[in-house]
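*Asks:* Got a structure for you, written out below as structure tokens; questions coming shortly.
Numbering (the UniProt record's numbering), first residue to last: 1 to 612.
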């Protein structure tokens, strides 16, 4: 049986977009003005090519000559740590402006934002520095300098295929030591780290640091609004001293504290052996107090309070029997990154919108947030920027394993599948309210005179119910564009990525949204019986998970491989509809291991026709 669930509504905490006090909003405006003043003479189009100037080499915390806690130079006293950070961040701000200039700050900031609401990222630095605007700005500048120094955008643009030349880079992924699979109950992606698979001297430090950066950049793609955090689950089963890599762990911590601030939800340390207690006595005091407060030691599945048992992997005590297997990259999958015309067109459009956003944000600051029309313009531009970034993606990002296995469709929808021990599959679709199709329809409504919040409410509800996808199918059918629907529900995720990477003009491509039928029904593959999700399937999901919290676990999958290269077929939007058990529907829809051309998710759970 396949049960589909949507994204759970989560409460927005104070200090985040949508829930700011007057004082916090004032601080936000103050930081924006500081940014504008610093970038006053920056180029409008952001075409400064500063990435090529990156020195590369300052890994911000990785020094193989100073291995271990004693060589890290981190004060154990929290106050001393804070004072050290203040000095380092101010020095980084000065060096950024002296070395790269204001255009680099502006350009790198907008590349850093990616699909986020710009306020979301600015608020990260404010919260991390307790709303001290000067320190938050220095921290933000330090982050941008680090990204330039280490050519972070180049790593993301290369993708798995382009980074294969880095010694032992792909071996890190093939080993299965680190991967993302599913989300917590509050929709934070879960990143598993199996420490026993990591050998301290098994790879050069420079390669490991690049892999860590690349993984963090890739995991960002899995976070869907309003969530802006991930959960790290360190599995210490089988851990020994040969696995204790001080440089690696301190580098990860440094990244979380300084370069991806406020991105950590919870850090679980699971099944730690007694030998780790001595290590923790050294490591714990070295952590930032905020990061340290998010660490939880666990022994049983129940201890991981935010991870529903049906989503937790079975080797960790959960019900999800999926196993990660790396899907190898293929030649040509990143060809769009070589399309100079496409790069210029999409980046130019994005930066044009960024300039408009800056101008409107200046007005918002000057009017102290009291002009309703300015607020509306600003909120609308956030949507346009997100759509524009997705248009940039195939030209500026190489494919990751999550693109190739169908988890990411390239247009804002994330699909997880959790296969249960009892054979049930739970398909978990996240991001439909904020994907490109939904945003484009909202933009059209608002520009047609609708209230922006009413448009969000009405269209968002349709998106979550799959009704937007139904409308798209009807429109496509009328144009004679829909053929071979048997390509299947699961093929939709990969096909959607093909849509995202299809050639086109400045008009944005439609993004996939799960169909209403898929949302409303579950298929019993053993009896060919259709079960209404409103009654039986809903009861199995459980009322304790509001608005689509998971029932039993799910898996990731799509037999259609995403590609940045040329497409020989016209891709359609994602169709997550389930099919009759006898029609190979589940092998195409919920197949965790693809049966065609080696494509699709390589998670080792395979749902065969008639055996789901």
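Don't be surprised by glycine CBs; every beta carbon is placed ideally from N, CA and C.
Just so we're clear, the structure is a prediction, and the values are computed from it rather than from any experiment.
Unbroken beta strand (DSSP E) runs of length 3 or more, entirely within the region 398-456: which are they?
*Replies:* Listed in chain order, they are 414-419 and 425-430.
*Asks:* Tell me the rounded alpha-carbon separation between residue 40 and residue 346.
*Replies:* When rounded, the distance between both Cα atoms is 24 Å.
*Asks:* Based on Cα-Cα distance, which residue from 465, 273 and 434 lies nearest to residue 223?
*Replies:* For residue 223, the nearest C-alpha among the options comes from 434.
*Asks:* Checking 9 Å against the spacing of the C-beta atoms, do residue 193 and residue 183 come in under that value?
*Replies:* Not a contact, by the Cβ cut-off of 9 Å.
*Asks:* With distances taken from CA atoms, which of 206, 156 and 153 is nearest residue 166?
*Replies:* Comparing Cα-Cα distances from residue 166 to each of 206, 156 and 153, the minimum goes to 206.
*Asks:* Is it buried or exposed, residue 289, if we count other Cβ atoms within 10 angstroms and call 16 or more buried?
*Replies:* Exposed, because fewer than 16 other Cβ atoms sit within 10 Å of the Cβ of residue 289.
*Asks:* Once DSSP output is grouped into helix, strand and coil, what is the label at residue 20?
*Replies:* Looking at residue 20 - three-state DSSP - the assignment turns out to be coil, as it is neither helix nor strand.
*Asks:* Considering only residues of the same chain and omitting the five flanking positions on each side of residue 260, which have a CB-CB separation below 6 Å?
*Replies:* Same-chain partners within the cutoff: 216.
*Asks:* Check for me: the beta strand (DSSP E) holding residue 235 runs from which residue to which?
*Replies:* That run of the beta strand (DSSP E) goes 230-235.
*Asks:* Spatial neighbours of residue 176 within its chain, please: C-beta separation below 6 Å, excluding the five flanking residues on both sides.
*Replies:* Hits under 6 Å: 324.
*Asks:* Is the region 327-338 in contact with the region 392-403, if contact means three or more CB pairs nearer than 8 Å?
*Replies:* In short, these stretches touch, since the Cβ pair count reaches three.
*Asks:* Give the C-beta separation of residue 681 and residue 139 to the nearest angstrom, bearing in mind that I take them to be a contact with Cβ-Cβ under 8 Å.
*Replies:* Residue 681 lies beyond the range of the chain shown here (1 to 612); nothing can be said about it.
*Asks:* Just to confirm the assignment, what range does the alpha helix (DSSP H) spanning residue 390 have?
*Replies:* 372-396 is the extent of the alpha helix (DSSP H) around residue 390.
*Asks:* Figure out for me which residue from 78, 13, 29 and 2 has the closest Cα to the Cα of residue 292.
*Replies:* Answer by Cα proximity: 78.
*Asks:* In whole angstroms, give me the CA-to-CA distance for residue 405 and residue 363.
*Replies:* Those two C-alpha atoms are separated by around 44 Å.
*Asks:* Compare the beta carbon distance of residue 442 and residue 427 with 9 Å and say whether it is the shorter of the two.
*Replies:* The answer is no: Cβ separation not under 9 Å.
*Asks:* Do the CB positions of residue 439 and residue 378 come within less than 9 Å of each other?
*Replies:* In this structure, residue 378 does not lie closer than 9 Å to residue 439 by Cβ.
*Asks:* Check residue 662 in the structure and name its three-state DSSP category.
*Replies:* Absent from the model: residue 662. The displayed extent of the chain is 1 to 612, so no value can be given.
*Asks:* What is the residue span of the beta strand (DSSP E) that residue 239 lies within?
*Replies:* Note, residue 239: premise wrong, no beta strand (DSSP E); not H, not E.
*Asks:* Report the start-end ranges of each alpha helix (DSSP H) in the region 255-333 that is 4 residues or longer and not cut off at the edges.
*Replies:* With a minimum length of 4 residues, the continuous alpha helix (DSSP H) runs that stay inside the region 255-333 are 275-283 and 289-293.
*Asks:* Please determine, among 150, 255, 285 and 316, the residue with the shortest C-alpha to C-alpha distance to residue 270.
*Replies:* Checking every option, the nearest Cα to that of residue 270 belongs to 316.
*Asks:* Scan the region 130-175 and note each continuous beta strand (DSSP E) run of 3 residues or more that stays entirely inside, going in chain order.
*Replies:* Listed in chain order, there is nothing to give.
*Asks:* May I ask which residues mark the beginning and end of the alpha helix (DSSP H) holding residue 213?
*Replies:* 205-220 is the span of the alpha helix (DSSP H), which, as asked, contains residue 213.
*Asks:* Could you tell me which of 381, 180 and 280 sits nearest to residue 326, measuring between CA atoms?
*Replies:* Nearest of 381, 180 and 280 to residue 326, Cα basis: 180.
*Asks:* Quick one: give me the first and last residue of the alpha helix (DSSP H) that residue 342 is part of.
*Replies:* Here the alpha helix (DSSP H) through residue 342 covers 340-366.
*Asks:* Could you give the distance in angstroms between the alpha-carbon of residue 108 and the alpha-carbon of residue 2?
*Replies:* Taking the straight line joining both Cα atoms gives about 43 Å.
*Asks:* Report the rounded CA-to-CA distance for residue 5 versus residue 465, giving the unit in angstroms.
*Replies:* Using only the alpha carbons, I get a separation of about 10 Å.
*Asks:* Out of curiosity, what's the CA-to-CA distance linking residue 286 and residue 251?
*Replies:* Their backbone Cα atoms lie some 12 Å apart in a straight line.
*Asks:* The beta strand (DSSP E) that contains residue 189, what's its start and end?
*Replies:* From DSSP, the beta strand (DSSP E) with residue 189 extends over 189-194.
*Asks:* Of all the options 246, 304 and 243, which has the alpha carbon lying nearest to the alpha carbon of residue 265?
*Replies:* Here the closest residue by C-alpha is 304.
*Asks:* So the candidates are 121, 31 and 312; which of them puts its Cα closest to the Cα of residue 368?
*Replies:* If we check each option's Cα against that of residue 368, 31 comes out closest.
*Asks:* Using only the alpha-carbon positions, how far apart do residue 214 and residue 208 sit?
*Replies:* Between residue 214 and residue 208, the C-alpha separation is close to 10 Å.
*Asks:* Suppose you measure from the CA of residue 230 to the CA of residue 258; what does that come to, to the nearest Å?
*Replies:* So the two alpha carbons sit approximately 16 Å from each other.
*Asks:* Taking the C-alpha atoms as reference points, what is the distance between residue 445 and residue 249?
*Replies:* Straight-line Cα distance between these residues: approximately 48 Å.
*Asks:* What does a CB cutoff of less than 8 Å around residue 459 pick up in its chain, not counting 5 residues either side in sequence?
*Replies:* Counting only Cβ-Cβ distances below 8 Å, and skipping sequence neighbours, we find 438, 441, 442, 445 and 468.
*Asks:* Spatial neighbours of residue 232 within its chain, please: C-beta separation below 6 Å, excluding the five flanking residues on both sides.
*Replies:* Within the same chain, residue 232 has close Cβ partners 191 and 267.
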